[in-house]
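Add 8 to the 1-based position in the sequence shown for the numbering used here, that's all there is to it.
All C-beta atoms, glycine included, are put in the ideal place defined by N, C-alpha and C.
This structure is a prediction, so every number in the text was calculated from the model and none was measured.
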Amino acid sequence: MTAHFNTGRVRSGECAASKPTTRDLEWAAGFYEGEGAISRGDDPSFQISIVQNNPEPLTRVFAMFGGRRPYIYRPAKGNRKDCWRWYASGVRARGIALIEDCSQAHLAEYRERKVGTFGDLGCFSLQQSKQITCGDGGLTLVNRDDLIERASLFVDKGRSRAMGRVHLFLGQNYRMTELQGAVARAQLEKGVRLIEARRKAADALSARVRHIAGIVVPEVSVGTRPSWWLYNWVIEEAKLGVSADDFCDALSVEGVPAGRQYLPRPLFEEDVIAKRNTFGRSGYPFSAVDYTLPTRADFPGLEEFFRRQIILSWNSRLSSKDIDDTAHAVGKVLAATTRVSRLSNEF
Ligand SMILES: Cc1ncc(COP(=O)(O)O)c(C=O)c1O
């Protein structure tokens, strides 16, 4: 999420905020990618809202962007438990540009609407590991008429071909070749089928292992349809007497490609960000703004997520036999680890 602060008129019941810092925006973007569920209504009732069980992040969003102070709210449909809601509407909401990073969520849905269509721009990766691919590169949905021309100029170094060799602003050289474009179009046509196959396989595996005490499968929330780039799950280590690392190693020995930690460390701890190893010694772009390096404490739950996450690589060709084999391997590993922990308790 990128946010541009707008000091326009504020509706009654809403409040303006002081100008958010780069650190605030960075936190908001991380929060949205990790946890946020953002929806925005259409004009004229234009508003952007976030609904959460925990009021704390919303209070922080309120302090940064103003809008309505977080309040207790009961959703009209779906999960009917009380939760917390923040929103900004009208002029204020227009001041917040939403860029959806749905790089690996092709055709995923939230409340019967495809992701990538909520924001001003929606970005999808077509890199080779993704649900659909053309080798590399990606697709951007431009959902605002006033941004279409600018977006197409941006991928072509800001060069206006209509005006000759004129560069209107600084852009990237992200042009896709005709060959890649042809592959991407063919993949788009197959997309629905490929993603349905991923969904079917994920549902089948969850149905097979959900009942096992200590296994926590990725439940699909009401109103959502994921597109399953990966199958991400966790185990209750204390209950099972086995660490996530050992459990994964044992699954891998059984031929199930289970992995740990998608990233070895949070991106902000990489030298490129932490030591500003960017362009020569310039430190740019960090040196150009009031950038302060975040810490792990800024992202509650991050450490636990890193420690517990178990990843199964997923694809559209998983057969019912693959699901059987995976479920069988889980049962076998758990039976063995339970035996080992019982034996070690006896000695
Ligand atoms: C959330 C997210 N955004 C962006 C990307 C980068 O996509 P690409 O490799 O096409 O640049 C990735 C890569 O996996 C990703 O996970």
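Residue i CB to nearest heavy atom of ligand 1 below 6 Å
i: residue 260; result: no
i: residue 328; result: no
i: residue 235; result: no
i: residue 135; result: yes
i: residue 75; result: no
i: residue 321; result: no
i: residue 199; result: no
i: residue 306; result: no
i: residue 146; result: yes
i: residue 109; result: yes
Neighbourhood of residue i by C-beta, 8 Å cutoff - its chain only, sequence neighbours within 5 removed
i: residue 252; result: 242, 243, 245, 268, 315, 316, 317, 318
i: residue 176; result: 161, 166, 167, 168
i: residue 346; result: 248, 249
i: residue 205; result: 324, 325, 326
i: residue 337; result: 259, 262, 263, 264
Own chain partners of residue i with C-beta closer than 7 Å, once the 5 adjacent residues on each side are dropped
i: residue 341; result: 255, 258, 259, 262
i: residue 150; result: 129, 156, 159
i: residue 306; result: 35
i: residue 188; result: 142, 143, 145
i: residue 240; result: 226, 317, 319
i: residue 67; result: 78
i: residue 154; result: none
Straight-line gap, residue i to residue j (C-alpha atoms, nearest Å)
i: residue 148; j: residue 324; result: 23 Å
i: residue 309; j: residue 35; result: 14 Å
i: residue 344; j: residue 117; result: 39 Å
i: residue 197; j: residue 113; result: 16 Å
i: residue 52; j: residue 183; result: Unreliable placement is indicated for residue 52, whose pLDDT of 47 sits below 50; the coordinate value is still reported in the next sentence. Going by the C-alpha atoms only, they are around 36 Å apart.
i: residue 270; j: residue 62; result: 26 Å
i: residue 249; j: residue 221; result: 12 Å
i: residue 332; j: residue 212; result: 9 Å
i: residue 80; j: residue 91; result: 6 Å
i: residue 123; j: residue 304; result: 28 Å
i: residue 273; j: residue 141; result: 27 Å
i: residue 200; j: residue 144; result: 20 Å
i: residue 234; j: residue 172; result: 44 Å
i: residue 135; j: residue 76; result: 39 Å
i: residue 288; j: residue 164; result: 25 Å
i: residue 329; j: residue 209; result: 10 Å
i: residue 19; j: residue 74; result: The pLDDT assigned to residue 19 is 46, lower than 50, so where the model puts this residue is not dependable, and the model offers no usable value.
i: residue 186; j: residue 195; result: 14 Å
i: residue 223; j: residue 207; result: 19 Å
i: residue 219; j: residue 229; result: 18 Å
i: residue 69; j: residue 32; result: 9 Å
Cut-off 6 Å between Cβ atoms - residues of its own chain near residue i, not counting five sequence neighbours on either side
i: residue 162; result: 179
i: residue 294; result: 284
i: residue 335; result: 216, 217
i: residue 292; result: 286
i: residue 138; result: 112
i: residue 64; result: none
i: residue 191; result: 142
Closest Cα partner of residue i within the set the options
i: residue 299; options: 152, 281, 248, 305; result: 281
i: residue 120; options: 231, 321, 301; result: 231
i: residue 96; options: 57, 144, 234; result: 57
i: residue 60; options: 171, 72, 31, 94; result: 94
i: residue 152; options: 82, 107, 322; result: 107
i: residue 275; options: 64, 67, 292, 301; result: 301
i: residue 237; options: 286, 337, 111, 214; result: 111
i: residue 265; options: 228, 223, 321; result: 321
i: residue 202; options: 78, 278, 133, 115; result: 115
Beta carbon proximity, residue i to chain C, threshold 7 Å
i: residue 335; result: Looking for chain C here will not work: only one protein chain is present.
Closer than 6 Å: residue i CB and nearest ligand 3 heavy atom
i: residue 131; result: For the structure depicted, ligand 3 is absent and the ligand set comprises only ligand 1.
**Report entry** Completely contained alpha helix (DSSP H) runs for the region 124–196, where each covers 4 or more residues
**Finding:** 153–162
Query raised in the report: Considering only residues of the region 257–333, which uninterrupted alpha helix (DSSP H) runs meet the minimum length of 4 residues and lie entirely inside it, listed in chain order?
Result: 279–282, 310–316
Query - Residue ranges of each alpha helix (DSSP H) within the region 213–253, 4 or longer - result: 245–248
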